[in-house]
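In UniProt numbering, the protein residues as written are 1 to 165.
Virtual Cβ for every residue (Gly too), placed ideally from N, Cα, C.
Bear in mind that the values here come from a model prediction, so they are computed numbers and not experimental data.
Notes follow once the structure below has been shown.
Written out as structure tokens, the structure is:
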């Protein structure tokens, strides 16, 4: 600590009271989280997230080229994690390229999987993440735009595969 030596022990005692046990003010604030209004607000957020997640999962299930087994269970967090599969990527056309093109062409921001996978591996270039924290309207618009974008993406990948042989 950057304090006079004579204050080290008293400050350490004060810090222990702040970090070892929850301070009274924190306990009082936590109790406020359990009133009816707060719980109703929390349940409203949970409903919104479930609905948005359902929209995204349903829309992804309708994309023939994406195998439903390549969609991670969205049981926690605010994200759906999707594996494009081998047939929906080509050299130079992986998740980074797809996310960049989707953002540029449709204004939709998905996150490439290489941010979440082992950098030494190749799975990150096949995977991407969709947030459903933005709400149901945002999820609906994003998936409509993704559907509009997707056929052109598949054509790019197929063309790149033909040229690669």
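Output the distance between the C-alpha atoms of residue i and residue j, rounded to the nearest integer angstrom.
i	j	result
residue 155	residue 38	49 Å
residue 91	residue 161	8 Å
residue 36	residue 52	24 Å
residue 30	residue 132	27 Å
residue 158	residue 63	16 Å
residue 110	residue 82	10 Å
residue 87	residue 126	10 Å
residue 139	residue 75	17 Å
residue 27	residue 42	19 Å
residue 152	residue 163	16 Å
residue 49	residue 32	23 Å
residue 105	residue 141	14 Å
residue 19	residue 34	23 Å
residue 3	residue 61	60 Å
residue 120	residue 114	10 Å
residue 100	residue 73	25 Å
residue 25	residue 118	42 Å
residue 5	residue 23	26 Å
residue 71	residue 10	54 Å
residue 40	residue 89	44 Å
residue 46	residue 134	12 Å
Let's test the definition: count the other Cβ atoms within 10 Å of the Cβ of residue i and tell me whether it reaches 16, buried, or not, exposed.
i	result
residue 112	buried
residue 124	buried
residue 8	exposed
For residue i and residue j, which I take to be in contact (beta-carbon distance under 8 Å), what is that distance rounded to the nearest angstrom?
i	j	result
residue 55	residue 136	6 Å
residue 129	residue 149	Between residue 149 and residue 129 the Cβ distance is about 16 Å, and since that is not below 8 Å, they are no contact.
Considering only the beta carbon of each residue, do residue i and residue j sit closer than 8 Å?
i	j	result
residue 59	residue 143	yes
residue 78	residue 108	no
residue 66	residue 85	yes
residue 57	residue 80	yes
Can you find a CB in chain D that lies within less than 8 Å of the CB of residue i?
i	result
residue 86	Protein chains in the displayed structure number just one, and chain D is not present.
So, does the region 9-21 touch the region 86-106, judging by three or more C-beta pairs under 8 Å?
No contact exists between the region 9-21 and the region 86-106.
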